[in-house]
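What follows is a short report on a single structure.
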Amino acid sequence: MSIELNREEIDKLLLEDIENATHPSEFELGDDYAVLILRLPETGPEGLQVTSYAFVIREGRCFRFDRSAEKLESAGSLQELHRFLDRKTDRMLKDIQHYHYEIEMLEESLYDGAFSSNFMQKWLAYKKDVSLIHRLMFHASLAFERFVRHHRKREDFEDLAYADLSEHMGRIRDLAKSAIEKLDNLYDFYRAKVDERMNRNMYWLTMISAIFLPLTLVTGVFGMNTGGLPYTDDPHGTMKVMAISLVLEILFLAPFLLLNMKKTEKFRIKLKK
Numbered sequence: 102m103s104i105e106l107n108r109e110e111i112d113k114l115l116l117e118d119i120e121n122a123t124h125p126s127e128f129e130l131g132d133d134y135a136v137l138i139l140r141l142p143e144t145g146p147e148g149l150q151v152t153s154y155a156f157v158i159r160e161g162r163c164f165r166f167d168r169s170a171e172k173l174e175s176a177g178s179l180q181e182l183h184r185f186l187d188r189k190t191d192r193m194l195k196d197i198q199h200y201h202y203e204i205e206m207l208e209e210s211l212y213d214g215a216f217s218s219n220f221m222q223k224w225l226a227y228k229k230d231v232s233l234i235h236r237l238m239f240h241a242s243l244a245f246e247r248f249v250r251h252h253r254k255r256e257d258f259e260d261l262a263y264a265d266l267s268e269h270m271g272r273i274r275d276l277a278k279s280a281i282e283k284l285d286n287l288y289d290f291y292r293a294k295v296d297e298r299m300n301r302n303m304y305w306l307t308m309i310s311a312i313f314l315p316l317t318l319v320t321g322v323f324g325m326n327t328g329g330l331p332y333t334d335d336p337h338g339t340m341k342v343m344a345i346s347l348v349l350e351i352l353f354l355a356p357f358l359l360l361n362m363k364k365t366e367k368f369r370i371k372l373k374k
């Protein structure tokens, strides 16, 4: 027996949810039908996109809302609905696995010391996409679990097949969460490497400043255009000024060198332990 479903037979509020392309994933019950809305991530030519699918199920028959034509079209039986969603989840599994691969390649390049100039751009792009996938699949899996529990009592409902499909949705959600955690750890490592490089640069700038500070002081003192400066009439004045500069250099550099030697020795002791 053919089962038909018209828009007029659907509750007005539920119909508004079906027609709303931004409505979150949800499962609702009508008088003699059920409404399943799934917002799923899909990879397209322009990158990651969000597609909303709305289904109305009545007596084991499924109707999918065609957003371009703005009408309900027959989608077949519950088995055909399973096949449709199974293709979508298989595609999503491949996509999230691809994100994991790209993140691992980014991680390997960072561990090898290859600081890419567009590291943060890639990191932000991956973080945005996997966060969106996790958010969408979190709500979609909850709505789909309610759908499965409601239809499990039907004789024509393939319980094992739908349970496997529900497990796939949960796996996509968990893989997305794992990718988020990996990206967070990768960012912490990246910041540590950047801070280490910055500290090393600041150390060498400090050393250079320490070297030239006494020279600048001596040059400033003996370069003053005033009378009574020492060694102005001394034939060995230049050598004496250079000796003073050398002594000042030793006095300024000695603390830095001793401190660096102590740090190096502590590091060697830790390595031996």
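If you're matching positions, the sequence shown starts at 102 in my numbering and goes up one per residue. Backbone N, C-alpha and C define an ideal beta-carbon position, used for all residues, glycine too.
Report the option in Phe156, Leu207, Glu120 whose CA atom is closest to the CA atom of asparagine 286. Leu207
Residue range of the alpha helix (DSSP H) that isoleucine 158 falls in? That residue, isoleucine 158, is in no alpha helix (DSSP H); its beta strand (DSSP E) goes 148-159.
Whether or not the region 179-191 and the region 266-275 are in contact is what I'm after, with contact meaning three or more pairs of Cβ atoms, one per stretch, closer than 8 Å; do they touch? Taking one beta carbon from each stretch, the region 266-275 and the region 179-191 have 3 or more pairs nearer than 8 Å; the two touch.
Are the CB atoms of leucine 137 and phenylalanine 248 within a distance shorter than 7 Å? yes
Measure the C-alpha to C-alpha separation of arginine 250 and alanine 135 and round it to an integer number of angstroms. 12 Å
Express the C-alpha separation of serine 210 and lysine 223 in angstroms, rounding to a whole number. 12 Å
Would you please state the rounded distance, in angstroms, between the beta carbons of leucine 139 and cysteine 163? I believe it to be under 8 Å. Rounded, the Cβ-Cβ distance is 12 Å, inconsistent with contact.
Which residues does DSSP pair with threonine 144 in a beta bridge? Leu149
Label serine 218 either buried or exposed according to how many other C-beta atoms from any shown protein chain fall within 10 Å of its C-beta, with 16 as the threshold for buried. Burial is judged here by how many other beta carbons sit within 10 angstroms of a residue's own beta carbon; serine 218 has fewer than 16 and is exposed.
What residue from His252, Arg168, Ile197, Ile309 has the CA that sits closest to isoleucine 281's CA? Ile197
Report yes or no: do the region 250-260 and the region 226-236 share at least 3 C-beta pairs separated by less than 8 Å? Output reads no: the region 226-236 does not touch the region 250-260.
Thinking just about the alpha-carbon of each residue, which of Leu354, Thr320, Pro356, Glu350 is nearest to the one in threonine 339? Thr320
Taking only three categories from DSSP, how would you classify aspartate 118? Taken through DSSP and simplified to helix, strand or coil, aspartate 118 comes out as helix.
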